[in-house]
Amino acid sequence: MRKGLAIVLALMLVLGNIGFANVRTVLGAEIETDAASAILMDAASGRVLYEKDSHKELPPASVTKLMTLLVAAEAVESGKVKLTDKVTASENASKLGGSQIYLEPGETLTLEQLLIAIAVGSANDGCVAVAEHIDGTHEAFVEEMNRKAQALGLKNTHFVNAYGLPAEGHYTSAYDLAVIARETLKYPLIRKLTSIKEYDLRDGKFKLWNTNKLLWWYPGTDGFKTGWTNEAKYCLASTVERNGLRLICVVMGVPQVRGHFAESMKIYNYGFAKYQFKAFAPAGQKQGVVKVHKGVADEVNAVTEKALGATTEKGNDKNFWVETKLNPEISAPIQKGQKLGEVLLYRNDVLQSSVNLIAENSVAKAGLADQMKRTLRGVIGY
Numbered sequence: 394m395r396k397g398l399a400i401v402l403a404l405m406l407v408l409g410n411i412g413f414a415n416v417r418t419v420l421g422a423e424i425e426t427d428a429a430s431a432i433l434m435d436a437a438s439g440r441v442l443y444e445k446d447s448h449k450e451l452p453p454a455s456v457t458k459l460m461t462l463l464v465a466a467e468a469v470e471s472g473k474v475k476l477t478d479k480v481t482a483s484e485n486a487s488k489l490g491g492s493q494i495y496l497e498p499g500e501t502l503t504l505e506q507l508l509i510a511i512a513v514g515s516a517n518d519g520c521v522a523v524a525e526h527i528d529g530t531h532e533a534f535v536e537e538m539n540r541k542a543q544a545l546g547l548k549n550t551h552f553v554n555a556y557g558l559p560a561e562g563h564y565t566s567a568y569d570l571a572v573i574a575r576e577t578l579k580y581p582l583i584r585k586l587t588s589i590k591e592y593d594l595r596d597g598k599f600k601l602w603n604t605n606k607l608l609w610w611y612p613g614t615d616g617f618k619t620g621w622t623n624e625a626k627y628c629l630a631s632t633v634e635r636n637g638l639r640l641i642c643v644v645m646g647v648p649q650v651r652g653h654f655a656e657s658m659k660i661y662n663y664g665f666a667k668y669q670f671k672a673f674a675p676a677g678q679k680q681g682v683v684k685v686h687k688g689v690a691d692e693v694n695a696v697t698e699k700a701l702g703a704t705t706e707k708g709n710d711k712n713f714w715v716e717t718k719l720n721p722e723i724s725a726p727i728q729k730g731q732k733l734g735e736v737l738l739y740r741n742d743v744l745q746s747s748v749n750l751i752a753e754n755s756v757a758k759a760g761l762a763d764q765m766k767r768t769l770r771g772v773i774g775y
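So for the sequence shown, my numbering puts the first residue at 394; every next one is plus one.
So, in structure tokens, the structure goes:
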């Protein structure tokens with residue numbers, strides 16, 4: 394009996410040396426997924442809440458278009474292009490296969506319409522038309538995508554095209570896609586486009602339905618992109634917000650039809666069951682007053698630029714404290730939204746998040762006569 398027990402213990406020790414870490418990881422995850430790679434990220438902090446082989450390099454299929462939309466949105470915000478721009482489809486764009494809106498050479502649509510076609514209908518031909526409009530050639534645009542990937546510090550990403558059809562050297566990872574997704578949240582245009590459920594193109598002659606069924610099936614979903622090829626299988630990068638908690642989920646390499654939706658919902662269920670967003674100050678809340686030098690007003694309110702809070706495990710939200718850093722005085726003129734300081738949120742002594750404090754309204758510079766009156770009022774008190 395003792396000899397048999399010793400053999401069992403020895404086998405357990407050997408197995409432990411071989412793969413105990415993997416077993417522990419699976420058990421510690423508290424969730425299983427059929428995705429080859431997956432990640433759940435807190436959008437506010439970038440903290441990883443769940444992952445499975447999240448740095449594995451895999452083909453992303455049309456989830457590639459999330460980076461295409463990001464580069465395009467940056468071009469719009471910088472003024473390089475406008476949503477109202479007329480974009481003429483080239484022969485190069487019109488001959489793309491896969492999901493498309495069947496652009497004809499010489500056909501003209503607005504940049505906004507093409508971005509909707511990409512975000513909602515996953516239009517490969519639209520990607521080339523947009524790329525050529527923004528950077529002259531599809532190749533130059535793809536170089537811009539890779540430069541953006543490097544700027545974001547992505548270590549397992551390289552793009553060969555802007556649409557995601559299989560190509561040697563075209564890959565990314567679930568973690569890198571989550572980082573890209575988090576970056577896109579800085580551009581409201583992308584969430585606006587990717588949350589459109591249906592769209593009538595060409596005066597209603599061509600109907601687009603969003604390929605992301607979580608928009609219908611999972612409350613709080615408001616963005617991002619699906620992907621599928623034989624090589625990549627089913628992929629999805631998405632975002633959901635509930636009660637102030639915004640999460641980002643990426644699943645890649647799911648074998649089952651519609652499995653990318655089922656696996657994403659499973660992971661989101663885990664995230665929303667376990668975590669909450671604890672708010673400490675809503676957006677626009679007054680946090681102090683700054684004196685104004687040489688202004689038509691003597692002071693201006695400093696308000697939070699966005700909500701201040703942190704994602705915590707439910708039932709474990711103690712030991713937080715807030716530090717406010719505010720300029721005591723500022724010279725006019727002051728623009729509405731101008732940074733006046735910041736408020737920092739700590740847990741114990743570890744910084745959790747920070748939010749800018751901005752001017753609630755503009756304050757113009759006072760004229761010379763008004764400045765002299767104030768000076769005299771301060772000196773003689775009249």
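Ideal placement from N, C-alpha and C gives every residue a C-beta, glycine not left out.
Is leucine 508 helix, strand or coil when you go by DSSP? helix
Please give the ranges of any beta strand (DSSP E) in the segment 428-512, keeping only runs that are unbroken, at least 3 residues long and fully inside the region. 430-435, 441-445, 479-481, 501-503
What residues are listed by DSSP as bridge partners for threonine 619? Leu629
Assuming asparagine 603 contacts valine 513 under a Cβ cut-off of 8 Å, what Cβ separation, rounded to an integer in Å, is found between them? 5 Å
Along the chain, where does the alpha helix (DSSP H) containing histidine 531 start, and where does it finish? 531-544
Please classify arginine 595 as buried or exposed, where buried requires at least 16 neighbouring CB atoms within 10 angstroms. exposed
Using alpha carbons as the reference points, say which of Val683, Gly708, Gly760 lies closest to lysine 732. Val683
Taking Cβ to Cβ, would you say glycine 549 is nearer than 7 Å to serine 566? Note that residue 549 is asparagine in the sequence shown here, rather than glycine. The answer is yes: Cβ separation under 7 Å.
Segment contact flag, the segment 456-473 with the segment 430-448, C-beta cutoff 8 Å, min 3 pairs: no
Since leucine 640 and methionine 434 should fall inside the 8 Å C-beta cutoff, what is the C-beta to C-beta distance between them, to a whole number of angstroms? 7 Å
How would you label valine 419, buried or exposed, when you count the other beta carbons within 10 angstroms and need 16 or more for buried? Confidence at valine 419 is low in this model, with a pLDDT of 33, below 50, so the placement of that residue should be treated as unreliable; the coordinate-derived value is given next. By the 10 Å Cβ count, valine 419 comes out exposed.
In terms of residues, what are the limits of the beta strand (DSSP E) holding leucine 640? 638-647
Restricting to Cα atoms, I'd like to know which of Leu582, Ala524, Gly546 is closest to tyrosine 556. Ala524
Between the Cα of asparagine 554 and those of Val650, Phe534, Leu738, spot the shortest distance and give me the residue it belongs to. Phe534
Would you check if the distance between the CB atom of asparagine 517 and the CB atom of glycine 491 is smaller than 7 Å? yes
Evaluate contact between the segment 494-513 and the segment 452-462, counting only Cβ atoms and requiring at least three cross-stretch pairs below 8 Å. yes
When you compare only the Cα positions, how much space is there between cysteine 642 and leucine 586? 18 Å
Check whether the segment 673-682 touches the segment 736-749, taking contact to mean three or more Cβ pairs, one atom from each stretch, closer than 8 Å. yes
Given that a residue counts as buried once 16 or more other Cβ atoms are within 10 Å of its Cβ, and exposed if not, what is threonine 501? exposed
Go to threonine 704, then tell me how far its beta strand (DSSP E) extends in each direction, as first and last residue. 701-706
Is the beta carbon of leucine 476 less than 7 Å from the beta carbon of leucine 504? yes
Between which two residues does the alpha helix (DSSP H) harbouring serine 755 extend? From DSSP, serine 755 is part of no alpha helix (DSSP H); its letter is neither H nor E.
Within the same chain, show all residues whose beta-carbon is closer than 7 Å to that of glutamate 706, passing over the 5 residues directly before and after it, in chain order. Lys667, Tyr668
Contact under 7 Å by Cβ, phenylalanine 670 with leucine 638: yes
I'd like the list of long-range same chain contacts for arginine 395, defined as Cβ closer than 8 Å, with 5 residues on each side in sequence excluded. Its pLDDT being 41, under 50, arginine 395 is placed unreliably by the model, and nothing is read from it.
Below 8 Å, can you find three or more Cβ-Cβ pairs linking the segment 572-589 to the segment 479-499? no
Which residue's Cα is closest to the Cα of threonine 481: Glu716, Ala574, His563, Gly519? Gly519
Report the partner residues of leucine 738 according to the DSSP bridge assignment. Val715, Ser746
Valine 572 to serine 430 span [Cα, whole Å]: 15 Å
Apart from the five residues just before and just after lysine 711, which ones in its own chain have a Cβ nearer than 8 Å to its Cβ? none
Is there contact between the segment 658-666 and the segment 688-702, where contact requires at least three CB pairs shorter than 8 Å? no
Quick one: what's got a C-beta closer than 8 Å to aspartate 427's C-beta in the same chain, skipping five residues either side? Val647, Pro648, Gln649, Gly652, Glu656
Where aspartate 691 falls, given that 16 or more other Cβ within 10 Å makes a residue buried: exposed
Cut-off 6 Å between Cβ atoms - residues of its own chain near alanine 542, not counting five sequence neighbours on either side: Thr550
Assuming contact is defined by CB atoms lying nearer than 7 Å, are proline 721 and lysine 758 in contact in what I supplied? no
On the CB-based measure, 16 or more other CB atoms within 10 Å of its CB, does serine 515 come out buried or exposed? buried
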